[in-house]
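> The structure under discussion is supplied below as structure tokens; questions concerning it will follow.
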Amino acid sequence: MAKNGLDKWFKQKWVDIGSKRKDGSFAKCGRSKQKADSKRKYPKCVPLAKATRMSDSQRASAVKRKRAAGNTGPKPTNVATFTKRNKKAAGGMIKQAQRNYDGSYIYGSLGGGEVSNPSLRKYYKGML
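The opening residue of the sequence shown carries number 143 in the working numbering; numbering runs sequentially from there.
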């Protein structure tokens, strides 16, 4: 019989990445006794396999975002473990430079993209 996603989910060991112990291990996920654990901060739980693959900065970022979201209702607030990368920001400066290019290239490559100056292309049209 094939395992469905819920069976796999229950078999994983879930840990709180916001409470790393001195020996490098993580505390078990959740709060066993609300009154005794009231001093503990809001937990960010992930499977142990994922927690060990994450860098310290990724763990800190996930915990920070989870605690910033808070818990306003009876159900826990879900926060993405990894942030989405903004693809536009990576090449945005080069793309903008290429769009607004007003340099001496008649036609060429700059920063991995093609650039040209339309007024120079028009001027030198018959000479190229």
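Ideal Cβ positions, reconstructed from N, Cα and C, are used throughout, including at glycine.
1. CA-CA distance, G212 and C187?
2. Answer with buried or exposed for D158, where buried requires no fewer than 16 other C-beta atoms within 10 angstroms of its C-beta.
3. Consult DSSP for D149 and reduce its assignment to one of helix, strand or coil.
4. For W156 and G215, I'd like the C-alpha separation in whole angstroms.
5. In the DSSP output, what is K264 paired with across the bridge?
6. What ranges does the alpha helix (DSSP H) occupy inside the stretch 175 to 217, keeping only unbroken runs of at least 4 residues that lie completely in it?
7. Can you name the start and end residues of the beta strand (DSSP E) that S161 belongs to?
8. I think P185 touches G160, with their Cβ atoms under 8 Å apart; what is that distance to the nearest whole Å?
9. Looking only at DSSP bridge pairs, what is A168 linked to?
On the basis of the data shown:
1. 14 Å
2. buried
3. helix
4. 22 Å
5. In the DSSP output, where bridge partners are listed per residue, K264 has none listed.
6. 190 to 195 and 198 to 211
7. W156 to K162
8. 6 Å
9. According to the sequence as given, residue 168 is Phe; it is not Ala. DSSP lists K162 as partners of F168.
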